[in-house]
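What follows is one structure encoded as structure tokens, with my remarks underneath.
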């Protein structure tokens with residue numbers, strides 16, 4: 002894999018349970034779209050205060066994002082998730098996925 | 002791999018550059034000890050405010066931690082890193098590696 006990507010998001014603390022519940026039942030077509038777009042070994046982790054950490058591997062994150070943005074299922078999914086987040090100011094949650102610099106790696 | 006582990010640490014914002022510099026040159030014996038202790042695909046990511054996200058894969062994180070704790074090189078490494086962190090209150094940095102719940106995964 003060419004890139005390891007880590008990003009952080011902030012779920013509204015009032016909506017933590019709903020966010021977890023929704024991610025226990027991600028639509029099969031959303032999972033298939035992510036795979037088709039090149040998202041591999043993709044995990045979301047969450048603190049008790051609603052901070053979400055995402056980790057994934059992909060060949061090229063900008064391409065993997067763009068491929069998802071072109072899917073209809075992603076637009077539906079992001080629209081349903083948006084009300085659960087803090088501070089989006091009208092943006093989609095996936096637009097907030099800013100990769101953090103990787104400062105260490107051990108295979 | 003049996004477990005995917007994510008943890009967060011907070012580096013003192015005054016010591017971010019030093020923390021990055023040190024992780025560009027992790028001692029070979031520290032890398033070897035991590036591998037021997039079962040730490041795989043281990044990355045550290047860092048925000049501009051010094052929040053560190055760790056991600057690794059292992060068979061059993063408690064065993065992987067214990068195995069590191071028994072090494073002399075880890076004691077030396079953690080002692081050198083400790084002054085770079087905030088809020089340790091005398092603890093070693095690696096004692097703060099509390100795994101976050103994983104709420105979603107896609108292979």
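Chains as they are written, first to last, in this note's numbering: chain A, 2 to 108; chain B, 2 to 108. We put the beta carbon where it would ideally sit given N, CA and C, even for glycine. Computed from a predicted structure; not experimentally measured.
Query, Result
"So, is the C-beta of residue 72(B) closer than 8 Å to a C-beta in chain A?", "no"
"Along chain D, in chain order, which residues have C-beta atoms closer than 7 Å to that of residue 24(A)?", "Of the protein chains in the structure, A and B, none is chain D."
"Tell me residue 71(A)'s beta-bridge partners as DSSP assigns them.", "According to DSSP, residue 71(A) bridges with nothing at all."
"Got a sec, what are the start and stop residues for the beta strand (DSSP E) residue 106(A) sits in?", "103 to 107"
"Bridge partners of residue 44(B), per DSSP?", "106(A), 56(B)"
"For residue 47(B), which residues in chain A fall below 7 Å Cβ to Cβ?", "101, 102, 104"
"Checking contacts by CB at 8 Å: is residue 78(A) closer than that to chain B?", "no"
"Could you check what DSSP says for residue 89(A) in three-state terms: helix, strand or coil?", "coil"
"Output the boundary residues of the beta strand (DSSP E) element that contains residue 11(A).", "4 to 11"
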